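Trainee:
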């Protein structure tokens with residue numbers, strides 16, 4: 036758990052955020068943070084009143100705040116939030132029976148519970164505060180700089196501004212600079228600007244903590260803030276100006292760095308100005324790929340320290356919030372993926388899964404005994420058949436591509452022998468690739484679920500066998516839902532598997548927490564998913580093509596898509612209602628049976 040050492044013993048450990056969207060302890064972790072928040076709010080109000088009237092306490096507080104950035108924020112920080120009941124910050128009305136709202140700030144006339152709320156950080160925000168401290172005071176070289184990749188509404192810009200103000204108050208020398216794409220985003224009469232946040236935090240500090248003799252008329256100018264006691268300054272500018280390249284600075288922070296034109300050039304140039312530079316941003320590839328390359332380590336020799344803040348780290352952002360936000364942006368799914376799922380390639384239309392381009396085979400990705408082993412199948416009679424093997428860890432939410440196999444113009448019985456590790460050399464020929472695939476698959480252990488396209492139920496030939504009926508004869512059950520009368524909630528999800536749009540949405544979401552093993556089959560499957568593309572736009576075409584190109588990549592991608600969309604359904608529809616039995620009148624046609632089985636599948 037993140038630690039705030041200056042708090043009372045019972046409050047020092049801030050509850051951890053969920054490890055992933057599918058963390059089975061997610062609700063309990065959120066509830067633990069809410070309980071910590073309530074207790075800390077009460078302690079904070081009482082503690083500030085105690086310190087306000089005792090000079091000895093004030094001297095001690097200044098020393099404690101100078102040592103611990105997170106303690107200073109938790110005890111004396113405020114945040115402006117016009118969406119107080121929806122943003123995951125403290126709702127003042129929840130504490131009217133515990134503390135007097137007029138005691139929230141040091142002075143009663145400074146309390147504005149409608150929009151000024153105590154900055155009570157959640158776990159990942161505390162980790163970000165510690166991240167800034169480690170980079171600034173304990174790291175040298177490239178690791179002394181930091182990159183913060185964040186989702187929307189996570190408070191990272193507030194923490195960057197608070198860090199600049201904290202150093203301005205307590206550490207000397209401290210010459211901080213803040214940069215953004217436009218000057219108005221740095222300093223303007225708008226809560227969205229960086230200096231507005233700094234002014235907000237400074238004016239709400241108790242009088243005894245502000246620098247003696249500080250006068251805004253003398254020490255606060257456009258893009259500039261001076262500390263009259265120690266001479267520290269905070270300056271700002273836009274990246275379109277050359278002024279940021281002159282002088283020296285203790286640190287430089289770039290807000291919304293991924294949106295800055297020529298970010299790569301600016302990032303490199305700043306090395307001559309400061310030893311500590313920080314890039315805070317949501318993901319974006321429209322102007323310069325430098326921010327993204329720094330995060331994933333592509334073509335970078337001197338990579339900075341990196342921290343990520345995901346949507347599920349926010350205690351108010353649960354599955355219901357995510358679903359509602361996604362529904363609000365249903366007309367802009369690519370923008371939602373960019374801003375909330377941190378997928379910068381989602382808006383690039385030529386690649387079906389641009390996020391896969393960031394993946395690379397990793398020898399560290401191995402079979403985990405506690406993870407579910409899953410198989411996805413794109414069946415083909417006369418076309419290619421692709422098989423992908425993956426594992427899903429319910430604790431961490433990671434989906435690992437472990438292996439794969441593809442062949443063409445071979446019967447279903449051949450693939451059944453591979454999946455069951457029971458070769459039939461009398462009827463089929465096996466080469467080194469087949470023998471190695473069977474050996475690796477056997478080493479992975481029993482398969483929990485197999486998923487595939489409904490096309491596999493089509494019958495062919497005089498025997499009227501389907502691809503899946505042949506697999507079933509070998510003990511392999513492929514989970515596919517074909518019910519037209521499924522419950523509303525389940526039917527809504529299963530329709531996703533019947534459209535490429537639905538499969539793509541599920542796959543794109545799971546790819547955000549995907550990795551790839553360094554096996555021959557996994558490498559082939561990953562290349563296929565990476566090469567899966569839409570046709571080029573024709574000159575006279577008004578809308579973009581919706582159907583990807585058919586070819587070798589499409590078979591790998593389709594197998595992986597059906598694995599992802601069905602896994603997504605299983606993760607979400609664990610409590611789907613079961614349809615009540617209905618009377619069937621005599622002579623009525625019998626409804627098709629379901630093939631969406633929930634029982635684990637064991638492969639011999």
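Numbering (my numbering), first residue to last: 36 to 639.
By construction, the Cβ of each residue, glycine as well, lies at the ideal position given by its N, Cα and C atoms.
Here the structure is a predicted model, which is why all the values come from computation and not from measurement.
Do residue 385 and residue 568 have their C-beta atoms closer together than 9 Å?
Mentor: Contact flag set, yes.
Trainee: What are the residues that DSSP puts in a beta bridge with residue 288?
Mentor: Beta-bridge pairing links residue 288 to 213, 313.
Trainee: Report yes if the CB atom of residue 394 is closer than 9 Å to the CB atom of residue 184, and no otherwise.
Mentor: For residue 394 and residue 184, no; Cβs fall outside 9 Å.
Trainee: Could you tell me which of 342, 553, 379, 506 sits nearest to residue 401, measuring between CA atoms?
Mentor: Comparing Cα positions, the closest option is 553.
Trainee: Thinking residue 109 and residue 156 are a contact (beta carbons under 8 Å), I'd like their distance in whole angstroms, please.
Mentor: 6 Å between Cβ atoms; contact.
Trainee: By the DSSP assignment, the alpha helix (DSSP H) with residue 199 in it spans what residues?
Mentor: Element bounds for residue 199: 191–205.
Trainee: What residue range does the alpha helix (DSSP H) around residue 219 cover?
Mentor: Start and end: 218–221.
Trainee: If you run the structure through DSSP and keep just helix, strand and coil, what is residue 417?
Mentor: In the structure shown, residue 417 sits in coil (DSSP, three-state: anything other than H, G, I, E or B).
Trainee: Cα separation between residue 500 and residue 507?
Mentor: If you take the alpha carbons of residue 500 and residue 507, they lie about 11 Å apart.
Trainee: Grab the span of the beta strand (DSSP E) containing residue 259 for me, first residue to last.
Mentor: Counting along the chain, the beta strand (DSSP E) containing residue 259 begins and ends at 259–261.
Trainee: If distances are taken between C-alpha atoms only, which option among 295, 329, 346, 177 comes closest to residue 640?
Mentor: Any property of residue 640 remains undetermined from this structure, which presents the chain solely from 36 to 639.
Trainee: From the DSSP secondary-structure annotation, give me the bridge partner or partners of residue 411.
Mentor: Answer is 423, 486.
Trainee: In the DSSP assignment, the alpha helix (DSSP H) including residue 599 goes from what residue to what residue?
Mentor: Segment 587–607, the alpha helix (DSSP H) holding residue 599.
Trainee: Measure the beta-carbon distance from residue 228 to residue 313 and round it to whole angstroms, keeping in mind my assumption that it falls under 8 Å.
Mentor: Wrong, their Cβ atoms sit about 17 Å apart, outside the cutoff.
Trainee: For residue 100 and residue 205, what's the separation of their Cα atoms in angstroms?
Mentor: Whole-angstrom Cα-Cα distance: 8 Å.
Trainee: Can you give me the Cβ contacts of residue 615 inside the same chain, cut-off strictly under 8 Å, excluding the 5 residues immediately before and after it?
Mentor: Bear in mind that a pLDDT of 44 at residue 615, under 50, signals an unreliable position, so the model cannot answer this.
Trainee: How about residue 116 and residue 84: are their beta carbons less than 9 Å apart?
Mentor: No, they are not a contact pair.
Trainee: Do the CB positions of residue 588 and residue 607 come within less than 9 Å of each other?
Mentor: The answer is no: Cβ separation not under 9 Å.
Trainee: Run through the stretch 300–383 for me and flag every whole alpha helix (DSSP H) of 4 or more residues, listed as ranges in chain order.
Mentor: If we require 4 residues or more, the alpha helix (DSSP H) runs fully inside the stretch 300–383 come out as 325–331, 354–363, 368–374.
Trainee: Thinking C-alpha only, which one of 535, 566, 591 is nearest residue 556?
Mentor: The option with the nearest alpha carbon to residue 556 is 591.
Trainee: In this structure, what does DSSP give as the bridge partners for residue 550?
Mentor: Looking at the DSSP assignment, residue 550 forms a beta bridge with 435.
Trainee: Would you check if the stretch 246–258 and the stretch 288–306 touch, i.e. whether three or more CB-CB distances between them fall below 8 Å?
Mentor: Not touching, per the Cβ criterion.
Trainee: I'd like to check one pair, residue 215 with residue 289: are the Cβ atoms closer than 9 Å?
Mentor: It is a contact, given that the beta carbons lie within the stated cut-off.
Trainee: What's the gap between the Cα of residue 97 and the Cα of residue 68?
Mentor: If you take the alpha carbons of residue 97 and residue 68, they lie about 27 Å apart.
Trainee: CA-CA distance, residue 230 and residue 59?
Mentor: About 40 Å.
Trainee: Helix, strand or coil: which one does DSSP assign to residue 183?
Mentor: Strand.
Trainee: What residue range is occupied by the uninterrupted alpha helix (DSSP H) comprising residue 387?
Mentor: Run containing residue 387: none; DSSP gives neither H nor E here.
Trainee: Look at residue 104 and residue 235 and say whether their C-beta atoms are less than 9 Å apart.
Mentor: No; because the gap between Cβ atoms is not below 9 Å, this pair is not in contact.
Trainee: Starting from residue 534, follow the beta strand (DSSP E) in both directions and report where the run begins and ends.
Mentor: No beta strand (DSSP E) contains residue 534, which DSSP labels as neither H nor E.
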